[in-house]
Amino acid sequence: MALFNPYPKSWQFNQSCIITSKMIICHFGNVKLVRGVNSGHEFRKLIFQTTSASRRLAHISQDKRPLVTFQFEEYLVMKGKQVNNSLDEAVPLRHPIKIHEAMRYSLIAGGKRVRPILCIASCELVGGDKSLAMPMACALEMIHTASLIHDDLPCMDNDDLRRGKPTNHKVFGEATAVLIGDALISLAFEHIASNTRNISPDRVVRALAELSTAIGSQGLVAGQMMDLESEGKEVSLTELEYIHVHKTAKLLEACLVCGAIMGGGNTTDIEKVRKYARCIGLLFQVVDDILDVTKSSEELGKTAGKDLVSNKGTYPKLMGIDKAKKFASELMIQAVGELAYFDATRAAPLYHVANYIANREN
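According to UniProt numbering, the sequence shown is numbered sequentially starting from 1.
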């Protein structure tokens, strides 16, 4: 039976969206989304979702095409260097040497610096200067690194490779790795308290509360605990989403919300940013699950296929690769829709970040 389609075989909604009888293709700047459809109900639902997002984004093409002209790779390199320089200054090699050497080993080991860059981009999105967000951005990377060190331990995920190098406990021992993770979390809060300038105490306290919640018993810890308990068990999509929202998305949400708070954002700004963050946070993990079964360890810079070996629940396992990819596309559409509220030029980095997360290869 033919699919219901009220549109011609190839109908162009506007410059951003083309609808055919079997799929919808959207271009938001350099972002390309392709959605297949399998039923009339799904088609009508997707038409509504996609055209609504497209309408919200239509004004962007009239605003000097910031998504096309924005040099995202240059932006990543520039912001990454700024973050790396600040991290290098924040954790000098000092006494006790072994502790700080181990801290620097993981913290200065490279990585994409997605979280601190998100924090800075969010600050700039609401009109703040990057200097207002840099201490928070560095603190977020310290906490993220600490979570990776702990996550790699034999009692957790038991990984030997991280960012293309032996994991911290493989180089310095398990006991040291536990202490180093703790030290980085402690240093993160010290760094915010000691280096934040020209921001009201109320905003700093609000940001600290946001960050603390994201990594505590209602956030990252809760997600990690449920992840550990789910190994070898069948989990539902609802349970899997809980794991990923808390283990991964909560910290990404804190990155963006804290950046907006530090940048002087109002209540509406912060809530729009929060909704965007929740979408890309879950998107990050969906893509991570897909990469784990489609890429090699060499390509990822970490051990591939571990979720499959440990029989952990993943989106590809529960939905299949194709449906997991479709879900990722839906999350991206929702994320970029939230950005239409903001000035397009200021929002350009975050549009590209969403595209980067959706299309990353490692």
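Glycine included, C-beta positions come from ideal geometry on N, C-alpha and C.
Beta-bridge pairing of residue i - partner residues as DSSP gives them
| i | result |
| --- | --- |
| Pro116 | DSSP, once it has assigned bridges, lists no residue as partnering Pro116. |
| Lys165 | Arg162 |
For residue i, three-class secondary structure by DSSP
| i | result |
| --- | --- |
| Arg94 | coil |
| Leu46 | In this prediction, Leu46 scores a pLDDT of 47, lower than 50, which makes its location untrustworthy; the coordinate-derived value is nonetheless stated afterwards. Leu46: helix per DSSP, three-state reduction. |
| Met156 | coil |
| Glu361 | coil |
| Val126 | coil |
| Cys258 | helix |
| Ser200 | coil |
| Val205 | helix |
Exposed unless 16 or more other CB atoms sit within 10 angstroms - verdict on residue i
| i | result |
| --- | --- |
| Ala175 | exposed |
| Ala147 | In the sequence as presented, Ala is not what sits at residue 147; that position holds Ser. Buried: at least 16 other Cβ atoms inside 10 Å. |
| Gly216 | exposed |
| His150 | buried |
| Lys79 | buried |
| Asp182 | exposed |
| Cys119 | buried |
| Ala324 | buried |
| Val235 | buried |
| residue 446 | Residue 446 lies beyond the range of the chain shown here (1 to 362); nothing can be said about it. |
| Pro316 | buried |
| Val77 | exposed |
| Gln82 | buried |
| Gly313 | buried |
| Ala348 | buried |
Bounding residues of the alpha helix (DSSP H) (the contiguous stretch that carries residue i)
| i | result |
| --- | --- |
| Lys325 | 321-339 |
| Thr248 | Note, Thr248: premise wrong, no alpha helix (DSSP H); not H, not E. |
| Ala183 | 174-195 |
| Val287 | 267-294 |
| Asp227 | 220-230 |
Any 3 or more C-beta pairs closer than 8 Å across the region 130-147 and the region 190-208:
yes
Cβ contact check for the region 257-272 and the region 198-206: 3 or more pairs under 8 Å:
yes
Counting pairs of Cβ atoms below 8 Å between the region 319-332 and the region 351-362, do you hit three or more?
yes
Counting Cβ pairs closer than 8 Å, one from the region 160-179 and one from the region 281-288, do we hit at least three?
With a cut-off of 8 Å, the region 281-288 and the region 160-179 do not count as touching, because too few Cβ pairs lie within range.
Cβ pair count under 8 Å reaching 3, the region 236-251 against the region 80-93
Taking a contact to require three or more Cβ pairs closer than 8 Å, the region 236-251 and the region 80-93 do not qualify as touching.
Say whether the region 211-225 touches the region 90-106, bearing in mind that this needs 3 or more beta-carbon pairs closer than 8 Å, one atom from each stretch.
no
Between the region 265-273 and the region 117-135, do at least 3 Cβ pairs fall closer than 8 Å?
They touch, by the three-pair rule.
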